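Enquirer: Just so we're aligned, residue 566 is where the sequence shown starts under our numbering, counting upward by one.
Note that CB positions come from ideal geometry on N, CA and C, so glycine has one too.
Computed from a prediction, not measured in an experiment: that's the story for all the values here.
Would you mind keeping the following structure in view while I ask a few things?
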Amino acid sequence: MSFKATFPLGWVESPPVYMNYRLFFFLSAVSVFSAVTVKADEHWPRFRGINGSGVNHSHLVTTKLSQANQEWSTEINGVGHGSPVIWGDKIFLLSAVADEAAKTGGSHPAKKKGKKGKAPNLALPYRWVTLCLDRHTGDIIWQKTFDQRSFKGHRFNSAASSTAAANDEIVVFTWGTADQLSAVALDHDGNELWKSDLGSVSGGHGFGGSPILYDDVVILNNDQEKGGGNLLGLDANTGEIKWEVERKSQRISYSVPCIYKVAGRDVVVFVNWQHGFTAVDPLTGSVIAEKSVFNLETNERAISSPIVTKGMVIGTCGFTANPKHCVAMKLSGGDWQEVWRRESRINHIPSTIAVGDHTFLIEDSGIATCLNTMTGEESWMERVPGVEGSIFGSPVSDGKNLFFADENGNLHVIAARPEFEHVATNRLGELCRTTPVIVGGTIYIRTESMLSAWK
566 MSFKATFPLG WVESPPVYMN YRLFFFLSAV SVFSAVTVKA DEHWPRFRGI NGSGVNHSHL
626 VTTKLSQANQ EWSTEINGVG HGSPVIWGDK IFLLSAVADE AAKTGGSHPA KKKGKKGKAP
686 NLALPYRWVT LCLDRHTGDI IWQKTFDQRS FKGHRFNSAA SSTAAANDEI VVFTWGTADQ
746 LSAVALDHDG NELWKSDLGS VSGGHGFGGS PILYDDVVIL NNDQEKGGGN LLGLDANTGE
806 IKWEVERKSQ RISYSVPCIY KVAGRDVVVF VNWQHGFTAV DPLTGSVIAE KSVFNLETNE
866 RAISSPIVTK GMVIGTCGFT ANPKHCVAMK LSGGDWQEVW RRESRINHIP STIAVGDHTF
926 LIEDSGIATC LNTMTGEESW MERVPGVEGS IFGSPVSDGK NLFFADENGN LHVIAARPEF
986 EHVATNRLGE LCRTTPVIVG GTIYIRTESM LSAWK
């Protein structure tokens, strides 16, 4: 089988449609042949949606969450900081269940508020569970259990921090421990198609990379601590390695790649501390261009994921209290060219987001900055009211507002405009270190033990 995208990979928004009667009847006839096709805005196929943009313009999303507009809430056994992905009517999600929890059939107890708490049972053997839920009801359609391995990572990580990738035929999950990095492909009915062992994982924070799908290739950033990592392209039909790019990086990365179209050609772009921006042919693994743009004198890490906007790729890198960098790059004449750079008030873990002509940076501490996308010039910088603890998830947008959660379970809403406006703060009721999902005017949020939907 061969997997083809059913919509442009660079798609971000749906333009308004104006229809006369002739066009209506023509499209009605065409629909006979395409009735089973699901609109692109009904998918959220990877981390942060279409090409990792974090944006779905198709419908506005409620800014006030309440029991009245909650469509459903489903308890998810185990732990996980990965986000759901959506293809049509199905949601796919990864969870990790420690043996202790599996024996009792319950999920881990809720953590107390506060950003210093340790995640429970980090050294216990885990089993990884892939789940499929009905998007409209939250009912669990199927779940499959894999492996039993010991996971130990950073207190802010989890054993299931990866987000899956889906297309119209398969869904690919990844998870990793010190002794094995696994990739598993299932069809939409939960049947296992293949499972690949991709080697060990070196990095004290634990694994958290998420795959993407391009044509019939599964692409994964596998930068590791102290070298030995690689960029991988797997055959989506078999799980076998199609191509591999060796890396010299000394820091494990969590940045998820994106597809960048330049001169009529698609390249996949990876962002890394030492390598900087790397453009690779997604079908062959051939490195097209690479440029180191970050500070090599201090240890840094690429955690947030790059985005494509206005013909550029914007990526960030840094480390905790050290200076961080936000750099806009474009490919020209086969080489990377720097468009602009910002070195202060930069997001470290949350990914960047662009809406219209502006780019927004949400710092881990809750300070938001709006930039002119073309120039990098600052429009405003404000502390978002009500942020408690750190922000580990990334912002998403319906084209009007930005939505992001802090770890203590507050969903914040600010206007995606060149003037700052705090729209709302909503209490989710439990810890949240994930990125929301927007599909069909509904916002889906994974908290510590629940997956919930509001419309």
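Go through the region 953-1014 residue by residue and report every complete run of the beta strand (DSSP E) that reaches 3 residues or more, in order.
Expert: Runs of the beta strand (DSSP E) inside the region 953-1014: 966-970, 975-980, 987-992, 1002-1004, 1007-1011.
Enquirer: Under the three-state reduction of DSSP, which class applies to residue 900: helix, strand or coil?
Expert: strand
Enquirer: I'd like the ranges of any beta strand (DSSP E) spanning at least 3 consecutive residues and lying wholly in the region 856-920.
Expert: 872-874, 877-882, 890-897, 900-907, 918-920
Enquirer: Looking at the secondary structure, which residues open and close the beta strand (DSSP E) in which residue 797 lies?
Expert: 795-800
Enquirer: For residue 977 and residue 1005, what's the separation of their Cα atoms in angstroms?
Expert: 20 Å
Enquirer: What first and last residue would you give for the beta strand (DSSP E) that runs through residue 841?
Expert: Segment 841-845, the beta strand (DSSP E) holding residue 841.
Enquirer: First and last residue of the beta strand (DSSP E) that includes residue 926?
Expert: 923-927
Enquirer: So, at 7 Å on beta carbons, what are the nonlocal neighbours of residue 702 in its own chain, with the 5 sequence-adjacent residues on each side left out?
Expert: 637
Enquirer: For residue 995 and residue 1014, which I take to be in contact (beta-carbon distance under 8 Å), what is that distance rounded to the nearest angstrom?
Expert: Their Cβ separation, rounded to whole angstroms, is 6 Å, which keeps residue 995 and residue 1014 in contact under 8 Å.
Enquirer: For the beta strand (DSSP E) holding residue 806, just list the boundary residues, first then last.
Expert: 806-811
Enquirer: With a Cβ-Cβ cutoff of 9 Å, do residue 760 and residue 698 count as a contact?
Expert: no
Enquirer: DSSP puts residue 690 in a beta bridge; with which residues?
Expert: 715
Enquirer: Quick check: what's the CA-CA separation for residue 728 versus residue 887?
Expert: 28 Å
Enquirer: Just to confirm the assignment: which complete alpha helix (DSSP H) runs, minimum length 4, are found wholly within the region 628-662?
Expert: Listed in chain order, nothing qualifies, since the region 628-662 has no complete alpha helix (DSSP H) run of 4 or more residues.
Enquirer: Give every residue of the same chain whose Cβ lies closer than 7 Å to the Cβ of residue 875, excluding the five residues on either side of it in the sequence, and list them in chain order.
Expert: Cβ within range, chain order: 938, 939.
Enquirer: Please list, in chain order, all residues of the same chain as residue 712 whose beta carbon is under 7 Å from its beta carbon, the five residues on each side excluded.
Expert: 692, 693, 747
Enquirer: Identify the continuous beta strand (DSSP E) that holds residue 626 and give its terminal residues.
Expert: First-last for residue 626: undefined, no H or E at that position.
Enquirer: Among 915, 922, 941, whose alpha-carbon lies nearest the alpha-carbon of residue 968?
Expert: 915
Enquirer: What number of angstroms, rounded off, separates the C-alpha of residue 823 from the C-alpha of residue 631?
Expert: Distance between the alpha carbons of residue 823 and residue 631: 34 Å.
Enquirer: Between the region 866-875 and the region 812-819, can you find at least three pairs of beta-carbon atoms closer than 8 Å?
Expert: yes
Enquirer: Taking the beta strand (DSSP E) that residue 819 falls in, what are its first and last residues?
Expert: Here residue 819 belongs to no beta strand (DSSP E), and DSSP marks it neither H nor E.
Enquirer: Mark residue 789 as exposed unless 16 or more other C-beta atoms lie within 10 angstroms of its C-beta, in which case mark it buried.
Expert: buried
Enquirer: Which residues does DSSP list as the beta-bridge partners of residue 701?
Expert: For residue 701, which the question treats as bridged, DSSP gives no partner whatsoever.
Enquirer: Could you give the DSSP three-state label for residue 741: helix, strand or coil?
Expert: strand
Enquirer: In the DSSP assignment, the beta strand (DSSP E) including residue 562 goes from what residue to what residue?
Expert: Residue numbering for the chain in the displayed model covers 566 to 1020; residue 562 lies beyond these limits and cannot be assessed.
Enquirer: Leaving aside the five residues before and after residue 779 along the sequence, list all residues of the same chain whose C-beta is less than 6 Å from its C-beta, in chain order.
Expert: 847
Enquirer: For residue 723, which residues of its own chain have a beta-carbon under 7 Å away from its beta-carbon, when the five flanking residues on both sides are left out?
Expert: 644, 645, 646, 661, 684
Enquirer: Could you compute how far the alpha carbon of residue 966 sits from the alpha carbon of residue 997?
Expert: 20 Å
Enquirer: Does DSSP put residue 671 in a helix, in a strand, or in coil?
Expert: For residue 671, the predicted structure reports a pLDDT of 38, less than 50, and the residue's modelled location is therefore unreliable. A value from the coordinates is still provided. In the structure shown, residue 671 sits in coil (DSSP, three-state: anything other than H, G, I, E or B).
Enquirer: The beta strand (DSSP E) with residue 947 in it runs from where to where?
Expert: Segment 943-948, the beta strand (DSSP E) holding residue 947.
Enquirer: With distances taken from CA atoms, which of 619, 991, 949, 800 is nearest residue 763?
Expert: Checked all of 619, 991, 949, 800; the closest Cα to residue 763 is 800.
Enquirer: Residue 605 by DSSP, collapsed to three states: which one?
Expert: Looking at residue 605 - three-state DSSP - the assignment turns out to be helix.
Enquirer: Could you tell me the alpha carbon to alpha carbon distance between residue 1017 and residue 615, rounded to whole angstroms?
Expert: Distance between the alpha carbons of residue 1017 and residue 615: 21 Å.
Enquirer: Using 9 Å as the threshold, is the C-beta distance between residue 936 and residue 907 below it?
Expert: yes
Enquirer: When the Cα atoms are used, what is the spatial distance from residue 929 to residue 830?
Expert: 35 Å
Enquirer: CA-CA distance, residue 979 and residue 963?
Expert: 11 Å
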